Amino acid sequence: MRGAAVVAPYAASDARPADARSVIAAARGWLGTPYHDQASVKGVGCDCLGLARGIWREVVGSETLPVPPYSRDWGEIGSREVLAENAGRVMIRIDPAEAGPGAVVLFRMRAGAIVKHVGILTGEGTFVHSYERLGVIEEPLTIAWRRRIAFAFLFPRPAPGLHKKKT
Numbered sequence: 001m002r003g004a005a006v007v008a009p010y011a012a013s014d015a016r017p018a019d020a021r022s023v024i025a026a027a028r029g030w031l032g033t034p035y036h037d038q039a040s041v042k043g044v045g046c047d048c049l050g051l052a053r054g055i056w057r058e059v060v061g062s063e064t065l066p067v068p069p070y071s072r073d074w075g076e077i078g079s080r081e082v083l084a085e086n087a088g089r090v091m092i093r094i095d096p097a098e099a100g101p102g103a104v105v106l107f108r109m110r111a112g113a114i115v116k117h118v119g120i121l122t123g124e125g126t127f128v129h130s131y132e133r134l135g136v137i138e139e140p141l142t143i144a145w146r147r148r149i150a151f152a153f154l155f156p157r158p159a160p161g162l163h164k165k166k167t
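The sequence shown lines up with residues 1 to 167 when you count with full-length UniProt numbering.
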């Protein structure tokens with residue numbers, strides 16, 4: 001993809017994206033997992049960030065950053081895009097307009113608020129995410145969802161020496 005900037009601290013300077021099919025298969029493997037705030041256990045419970053963390057463990061390897069405290073408030077106003085900053089530390093940032101299947105997208109749910117929701121694009125016009133009361137689902141990326149995308153990233157390929165974990 002054009003415009004990719006590698007910012008993962010552990011990866012080689014020529015880091016390449018993980019295979020999109022592997023990312024999509026991992027994401028779909030979480031379908032039906034119940035919603036549970038701040039959890040990341042396949043089949044047991046996860047929120048949207050926990051889903052992305054679980055896919056990371058399956059596709060890339062051990063998590064490299066601690067998870068800072070966060071709230072479920074989609075209207076939260078802040079001066080820093082902490083979720084996007086942390087994603088940028090370990091993933092390959094791309095232009096949201098270039099995001100395709102396998103990309104991680106961050107949503108700004110309310111105008112003026114910081115990004116607070118994460119999804120994985122799974123096809124032309126579909127994505128997987130964990131949603132309160134629904135759990136992990138795959139649904140259409142409607143215009144309403146699409147216009148909320150603020151950032152996009154790609155999972156990197158595993159760095160040498162990192163071992164993938166099944167979740």
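Ideal Cβ placement from N, Cα and C applies to all residues, glycine included.
A quick note: this is a predicted structure, and the numbers were derived from the prediction, not measured.
Taking the alpha-carbon positions, what's the residue i to residue j distance?
i, j, result
"Asp47", "Leu31", "12 Å"
"Thr64", "Ile92", "14 Å"
"Arg53", "Ala144", "25 Å"
"Pro96", "Gly123", "15 Å"
"Val23", "Ser130", "16 Å"
"Val105", "Glu85", "13 Å"
"Arg28", "Arg157", "19 Å"
"Glu139", "Pro101", "13 Å"
In or out: residue i buried (at least 16 other Cβ within 10 Å) or exposed?
i, result
"Arg80", "exposed"
"Arg147", "exposed"
"Arg133", "exposed"
"Pro17", "buried"
Taking residue i as the reference, which of the options has the closest Cα?
i, options, result
"Ile94", "Glu132, Lys42 and Phe151", "Phe151"
"Gly112", "Gly123, Gly78 and Thr122", "Gly78"
For residue i, which of helix, strand or coil comes out of DSSP?
i, result
"Pro156", "strand"
"residue 171", "Here the chain has residues from 1 to 167 only, and residue 171 is not among them."
"Gly3", "Confidence in Gly3 is poor, its pLDDT being 38 and thus under 50, which makes the residue's placement too unreliable to answer from."
"Asp19", "coil"
"Ile149", "strand"
"Arg80", "coil"
When DSSP builds the beta bridges, which residues end up paired with residue i?
i, result
"Glu139", "Phe127"
"Gly119", "Val105"
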